[in-house]
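What the sequence shown shows, in my numbering, is residues 3 to 220, in sequence order. For glycine and all other residues, C-beta sits at the position ideal for the given N, C-alpha and C. Read through the structure below, which is laid out as structure tokens, and then see the notes.
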Amino acid sequence: MRLTHLGHSCVLVESADVRVLVDPGTFAHDLTGVRDLDLVIVTHQHPDHLDVDRLPALVAANPAARVLCDPGSAPVLADAGVEATVHDGPTTVRDLTVTPLGETHALIHEDVPRIPNVGVRLDADGEPSFVHPGDALDAEPGEVDVLCFPLSAPWAASRDTTAFLRRIDPAHAVPIHDGLLQDRGRAVYLGQAEQLGGERTRVHDLAGEGATEFRAGE
3 MRLTHLGHSC
13 VLVESADVRV
23 LVDPGTFAHD
33 LTGVRDLDLV
43 IVTHQHPDHL
53 DVDRLPALVA
63 ANPAARVLCD
73 PGSAPVLADA
83 GVEATVHDGP
93 TTVRDLTVTP
103 LGETHALIHE
113 DVPRIPNVGV
123 RLDADGEPSF
133 VHPGDALDAE
143 PGEVDVLCFP
153 LSAPWAASRD
163 TTAFLRRIDP
173 AHAVPIHDGL
183 LQDRGRAVYL
193 GQAEQLGGER
203 TRVHDLAGEG
213 ATEFRAGE
């Protein structure tokens, strides 16, 4: 499996010869060169995960790609002219199984209504399992090889993130949702994740690193 962090919560996953783009939002880098996608997955409708201005062009440039989304993003995508399917059950793309995780966005504040949030798990024989939770820490994905985790968010404290890492205890953890951090602050959050996260977990900061390979069992 190859994983590329494309800014904030946007990641490109290449597994079992299937190319999956998750959460192409407003904080993502330039996506005009992202091609040959099989799936685009939107976990929820917040702009930093769903850029309605750029997504139509991205989908048009990848005509073979299906778009899967949470229930709340479906009408937003329809208004943007993007055809999408609500991700409410396992989907198979060739040898890759795509499973939805969770239902609701983490609580931001009591005065802010909670919206749907559906994370995703990817599995294929001979490939590491992969999980992107979107904006929630309550999913129960089971044993995970590669877990994306939010580094900083208005809805999460560092203790929430490290508790999430300890509970899931993946072999590998990749920080995402980092678009609000400057470099020194980012280093602090990374250090806490490395020191206080899962017992067996190795944290891999992929920001600016390009495509990085992960192998099953390693």
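- Assignment of beta strand (DSSP E) within the stretch 52–140, counting only whole runs of 3 or more residues, yields 68–71, 93–95, 98–103, 121–125 and 132–134 in chain order.
- Taking 8 Å as the upper bound for CB-CB distance, A138 and G104 are in contact here, some 5 Å apart.
- Rounded to the nearest angstrom, the gap between the Cα atoms of P102 and D90 is 6 Å.
- F151 and P177 have their C-alpha atoms roughly 5 Å apart.
- Every unbroken stretch of the beta strand (DSSP E) spanning 3 or more residues and falling wholly within the stretch 156–216 is given here in chain order: 174–178.
- Taking 8 Å as the cut-off, the Cβ atoms of A30 and D55 do not count as close.
- Bridge partners of C12 according to DSSP: none are assigned.
- Around the beta-carbon of L109, fewer than 16 other beta-carbon atoms lie within 10 Å, marking it exposed.
- H111 sits exposed, since fewer than 16 C-beta atoms from the chains shown fall within 10 Å of its C-beta.
- Rounded to whole angstroms, the Cβ separation of G27 and S11 is 6 Å, and the two are in contact under 8 Å.
- The Cβ atoms of T99 and A126 lie closer than 8 Å to each other.
- For P58, the CB contacts under 7 Å within the same chain, skipping 5 residues up- and downstream, are A82, G83 and V84 in chain order.
- Taken atom to atom, the span from the alpha-carbon of P172 to that of V61 is near 32 Å.
- Beta-bridge partners assigned by DSSP to R21: E16.
- Around the CB of R21, 16 or more other CB atoms lie within 10 Å, so the residue is classed as buried.
- Counting other Cβ atoms within 10 Å of its Cβ, E215 stays below 16 and is therefore classed as exposed.
- Within the same chain, L153, P177, V205 and D207 come within 8 Å of L192 by CB-CB distance, once the 5 residues on both sides are set aside.
- Just measuring C-alpha positions, the residue of L198, D140, E129 and V122 sitting nearest V44 is V122.
- M3 and V148 do touch by the CB rule: their CB atoms are close to 7 Å apart, below 8 Å.
- Rounded to whole angstroms, the Cβ separation of H46 and S75 is 6 Å, and the two are in contact under 8 Å.
- DSSP places R37 in the coil class of the three-state scheme, outside both helix and strand.
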